[in-house]
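Mapping the sequence shown onto numbering that gives the first Met the number 0, position 158 (from 1) lands on 157, and the numbers just tick up by one. Data block below; observations after.
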Amino acid sequence: MIYLDNAATSFPKPPMVVRAMAGTLQKIGANPGRSGHGLSLCAGRVVQACRELLARALDAPAPENILFTPSCTEALNLAIRGTLCRGDEVLCSHAEHNAVMRVLKSLEDDGAITVRTVAPDSRGLLTPEALAAAVTPRTALCVICHASNVTGVVQPIAQLSQALKPYGVPLLVDAAQTAGILDISLTGLGADMIALPGHKGLLGPHGTGVLALGRGMNPRPLVLGGTGSVSESMRQPAQFPDRYESGTLNLPGIAGLMVGARFALAHRAEIEEYEGELASRLRARLEAVPGLKLLGDAQAPRVGVVSFVPQAMDTGELCDALNAQGFALRAGLHCAPSVHQWLGTLRSGACRASVGIYNTQQDVDALADAVERLLSARSSGL
Numbered sequence: 000m001i002y003l004d005n006a007a008t009s010f011p012k013p014p015m016v017v018r019a020m021a022g023t024l025q026k027i028g029a030n031p032g033r034s035g036h037g038l039s040l041c042a043g044r045v046v047q048a049c050r051e052l053l054a055r056a057l058d059a060p061a062p063e064n065i066l067f068t069p070s071c072t073e074a075l076n077l078a079i080r081g082t083l084c085r086g087d088e089v090l091c092s093h094a095e096h097n098a099v100m101r102v103l104k105s106l107e108d109d110g111a112i113t114v115r116t117v118a119p120d121s122r123g124l125l126t127p128e129a130l131a132a133a134v135t136p137r138t139a140l141c142v143i144c145h146a147s148n149v150t151g152v153v154q155p156i157a158q159l160s161q162a163l164k165p166y167g168v169p170l171l172v173d174a175a176q177t178a179g180i181l182d183i184s185l186t187g188l189g190a191d192m193i194a195l196p197g198h199k200g201l202l203g204p205h206g207t208g209v210l211a212l213g214r215g216m217n218p219r220p221l222v223l224g225g226t227g228s229v230s231e232s233m234r235q236p237a238q239f240p241d242r243y244e245s246g247t248l249n250l251p252g253i254a255g256l257m258v259g260a261r262f263a264l265a266h267r268a269e270i271e272e273y274e275g276e277l278a279s280r281l282r283a284r285l286e287a288v289p290g291l292k293l294l295g296d297a298q299a300p301r302v303g304v305v306s307f308v309p310q311a312m313d314t315g316e317l318c319d320a321l322n323a324q325g326f327a328l329r330a331g332l333h334c335a336p337s338v339h340q341w342l343g344t345l346r347s348g349a350c351r352a353s354v355g356i357y358n359t360q361q362d363v364d365a366l367a368d369a370v371e372r373l374l375s376a377r378s379s380g381l
């Protein structure tokens, strides 16, 4: 199987990630932060080491500003629900994932907030001028997807954040497709909060996510409960990260995330270049295939996502046929109906190939050849 679904989750995982996870289960196994014995303290040191690694990478004010969550989706929920109040207005892009849009629409349907979508330019990029023009006195938060999981187009976050600064509007960045591949530090992006998964570009396991809080960010927690601290009080602790990390942390997942992230971050520039070359090669090959429409502006900055729509074949049918020939892609709307609506592909969806560090030029060439053969056979009635 040639795996080209890295935008959903990276695979395979580096062997060291598997070893780190197995090691915590075999040799530590205790609950971090819940006891004073040696195994529990060792577990706590694993968690703290990962927190410190990510704090350095994301330029967080302190390691305690790195919050572990079960997913990027929960990190986004925490940032959005914990920041907004009744009567607030939120700005977002046209390319938000349902991890953002379903939260915003739920709050809007309840009459709690107003959602305003900022229109992009013809390339799918937001402009600082358009974003600044959309701000009103009620704007309390701006949420922007760093890179579309459908087109791969990367938004100019640093410029957009500067447009918000005069108005004091905090910026939440969804870095689901860019963590481990692009610079996503709080200072580099000018962001106030960054939500990211551990299981994609950071090469960690499923069930891991992070919310990085910038200086002054103090959202209300989503979940309350035991933290192993201030146990004499029946009220949630105020200190970070305990305020947000109720319940037992995913020790094996965090251990795997730590070693995966350490590798990804040490080689980030190489990974960005390599995946960019693979995606550009695949896009160039597919552009030459008759009856195929590629999504996203070819000249815009992008990550390793290439989505395409066959003109004479259902996208699901094409991906099923590719699966039968040993290719793992994803068909459909990719949980991002807003960008499909903007692209005019809400009915058809798209086939999405997303490259990773273990893919090769031979992989993308083989996919392009397979797509061309399948579409040629369909057009000739075979």
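Ideal placement from N, C-alpha and C gives every residue a C-beta, glycine not left out.
How big is the Cα-Cα spacing for residue 83 and residue 146? Roughly 24 Å between the two C-alpha positions.
State the Cα-Cα distance for the pair residue 302 and residue 256, rounded to the nearest angstrom. Whole-angstrom Cα-Cα distance: 21 Å.
Closer than 6 Å by C-beta to residue 157: which residues in its own chain qualify, once you throw out the five before and the five after it? Chain order, please. Taking C-beta separations shorter than 6 Å and ignoring five residues to either side along the sequence, the partners of residue 157 in its chain run 188, 189, following chain order.
In chain order, what residues of the same chain have a beta carbon less than 7 Å from the beta carbon of residue 127, not counting five sequence neighbours either side? Contacts found: 158, 159, 161, 162.
Kindly indicate which three-state DSSP category residue 92 falls into: helix, strand or coil? In the structure shown, residue 92 sits in a strand (DSSP, three-state: E or B).
Compute the beta-carbon to beta-carbon distance between residue 284 and residue 367, rounded to the nearest angstrom, for a pair I have assumed lies under 8 Å. Confirmed, Cβ separation roughly 4 Å.
Applying the criterion that 16 or more other CB atoms from any shown protein chain within 10 Å of the CB defines a buried residue, is residue 347 buried or exposed? Residue 347 counts as buried, since no fewer than 16 other beta carbons sit within 10 angstroms of its beta carbon.
On the three-pair Cβ rule with 8 Å, is the region 331 to 347 touching the region 306 to 323? With a cut-off of 8 Å, the region 306 to 323 and the region 331 to 347 count as touching, because enough Cβ pairs lie within range.
With a CB to CB cut of under 6 Å and the five nearest residues on each side skipped, what residues in its chain are close to residue 72? Taken in chain order, the residues that qualify are 98.
Run through the DSSP bridge pairs and tell me what residue 208 is partnered with. In the DSSP assignment, the residues bridged to residue 208 are 68, 196.
Are there three or more Cβ pairs, one per stretch, closer than 8 Å when the region 95 to 112 is compared with the region 230 to 241? No: fewer than three Cβ pairs fall under 8 Å.
In its own chain, which residues sit with a C-beta less than 6 Å from the C-beta of residue 395, not counting the 5 before and 5 after it? The structure shown does not extend to residue 395, since the chain is modelled only from 0 through 381, so no value can be given for it.
If we require 4 or more residues per run, which alpha helix (DSSP H) segments fall completely within the region 206 to 283? Secondary structure in the region 206 to 283: the alpha helix (DSSP H) runs of 4 residues or longer, each lying completely within the stretch, are 250 to 265 in chain order.
Are the CB atoms of residue 310 and residue 369 nearer to each other than 9 Å? Not closer than 9 Å, so no.
Residue from 15, 16, 40, 35 whose Cα sits closest to the Cα of residue 27: Here the closest residue by C-alpha is 40.
Counterpart residues of residue 309 in DSSP-defined beta bridges: The partner list for residue 309 (beta bridge, DSSP) reads 291.
Residue 357 by DSSP, collapsed to three states: which one? In the three-state DSSP reduction, residue 357 falls in the coil class, being neither helix nor strand.
Complete alpha helix (DSSP H) runs within the region 17 to 71 (minimum length 4 residues, chain order): Assignment of alpha helix (DSSP H) within the region 17 to 71, counting only whole runs of 4 or more residues, yields 37 to 57 in chain order.
In or out: residue 359 buried (at least 16 other Cβ within 10 Å) or exposed? Exposed.
C-alpha gap between residue 208 and residue 379, whole angstroms: Residue 208 and residue 379: Cα-Cα distance of roughly 47 Å.
Collapsed DSSP secondary structure at residue 372 in the structure displayed: The three-state secondary structure of residue 372, taken from DSSP, is helix.
With DSSP as the reference, label residue 144 as helix, strand or coil. It is a strand residue.
Do you know how far the Cα of residue 195 is from the Cα of residue 108? Cα-Cα distance, rounded: 26 Å.
Reduced DSSP category for residue 331 - H, G, I as helix; E, B as strand; rest coil: DSSP places residue 331 in strand when its eight states are reduced to three.
Which residues bound the alpha helix (DSSP H) around residue 156? That run of the alpha helix (DSSP H) goes 156 to 163.
Per-residue burial, residue 25 [other beta carbons within 10 Å of its own, 16 or more giving buried]: Here residue 25 is exposed: its Cβ has fewer than 16 other Cβ atoms, across all protein chains shown, within 10 Å.
Nearest chain D C-beta to residue 240 closer than 9 Å, yes or no? Among the protein chains of the structure shown there is no chain D, as only one such chain exists.
Using the beta-carbon count (16 or more within 10 Å), is residue 68 buried or exposed? The residue in question, residue 68, is buried, as its Cβ has 16 or more Cβ neighbours within 10 Å.
Beta-carbon spacing of residue 382, residue 154 below 9 Å: The structure shown does not extend to residue 382, since the chain is modelled only from 0 through 381, so no value can be given for it.
Could you tell me the distance, in whole angstroms, from the CA atom of residue 137 to the CA atom of residue 51? The alpha-carbon atoms of residue 137 and residue 51 are separated by roughly 36 Å.
Does DSSP put residue 318 in a helix, a strand or coil? Correct three-state label for residue 318: helix.
Using DSSP with H/G/I as helix, E/B as strand and the rest coil, what is residue 138? Assigned with DSSP and collapsed to three states, residue 138 falls in strand.
Quick check on residue 165: buried or exposed, where buried means 16 or more other Cβ atoms within 10 Å of its Cβ? Its Cβ having fewer than 16 others within 10 Å, residue 165 is exposed.
Only counting the same chain, and skipping five residues up and downstream in sequence, which positions put a Cβ closer than 7 Å to that of residue 392? The displayed coordinates of the chain run from 0 to 381. Any statement about residue 392 would go beyond what the structure contains.
Check the C-beta distance from residue 281 over to residue 305 and give it rounded, since I have them as a contact under 8 Å. Indeed they touch by this definition, with Cβ atoms about 5 Å apart.
Using a Cβ-Cβ cut-off of 7 Å (strictly less than) and excluding sequence neighbours within five positions of residue 0, which residues of its own chain qualify? The beta carbon of residue 0 sits closer than 7 Å to the beta carbons of 325, 327 from its chain, once the five residues preceding and following it are set aside; these are given in chain order.
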